[in-house]
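> So that we are looking at the same thing, I have put the structure below in structure tokens.
Numbering (this note's numbering), first residue to last: 389 to 577.
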């Protein structure tokens, strides 16, 4: 038992969790990207199986997050409807062990914790995914607009703001420590 979070499952380290999830993904399970390559994209490589696995894991985590969020919303709506039907009973149920509202509240807290955990894991996998794309395709390292297309091609496209110099001006104004942030102004998009 992991005493830090009260779960009964043995705790895997983050890297062990990611590696176990990746190992379970076979080429037949790869999820194809939806992005259809546009004419302005410069293709530099084709995704390797490692990139495909990471893309698939990222997609599967997104699906898990969406399912838990949807289930949580449905449960919360049901609980709210029940509570609104009889508000006085709802107050009592929230203090009564074993009541549906008290158990529902505990379930929602559990779902929220799982959602936070998966969202953070997704963020890590997303960063690893894009790092791996750039590591396997050095031509993409310095590119800010990198894409993975539905045919598994990896490429980049020019950022029109960067081409015009507008992007550099925006960075000076809005970037970390930018003038507008210091003054509390945000440039319109």
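All C-beta atoms in this analysis are idealised placements derived from N, C-alpha and C, irrespective of residue type, glycine included. Please read all numbers here as calculations on a predicted model, not as lab measurements.
For the beta strand (DSSP E) containing residue 432, list its first residue and its last residue.
Here the beta strand (DSSP E) through residue 432 covers 430-434.
> Report the CB separation of residue 456 from residue 499 in whole angstroms; it is logged as a contact under 8 Å.
Contact holds; Cβ gap of about 6 Å.
> To the nearest angstrom, report how far apart residue 546 and residue 451 are at their CA atoms.
Distance between the alpha carbons of residue 546 and residue 451: 30 Å.
> Measuring CB to CB, does residue 503 end up less than 8 Å from residue 493?
It is not a contact, given that the beta carbons lie outside the stated cut-off.
> Look at the Cβ atom of residue 444, then the Cβ atom of residue 413, and state whether they are nearer than 8 Å.
Yes, they are a contact pair.
> Measure the alpha-carbon distance for residue 495 versus residue 512 and round it to whole angstroms.
Each residue's alpha carbon lies about 26 Å from the other.
> Name the residue from 538, 465, 421 whose alpha carbon lies nearest to the alpha carbon of residue 447.
The option with the nearest alpha carbon to residue 447 is 421.
> Using beta-carbon positions only, say whether residue 528 and residue 542 come within less than 8 Å of one another.
For residue 528 and residue 542, yes; Cβs fall inside 8 Å.
> Taking Cβ positions, are residue 441 and residue 410 nearer each other than 8 Å?
Closer than 8 Å, so yes.
> Could you name the residues of the same chain whose beta carbon sits closer than 7 Å to that of residue 551, not counting the 5 residues immediately before and after it, in chain order?
Confidence at residue 551 is low in this model, with a pLDDT of 48, below 50, so its placement is unreliable and no value can be given for it.
> Can residue 507 and residue 453 be called in contact, C-beta distance under 8 Å?
Yes. Within cutoff.
> Which residues in the same chain have their Cβ closer than 7 Å to the Cβ of residue 484, if we skip the five residues on either side of it in sequence?
Within the same chain, residue 484 has close Cβ partners 490.
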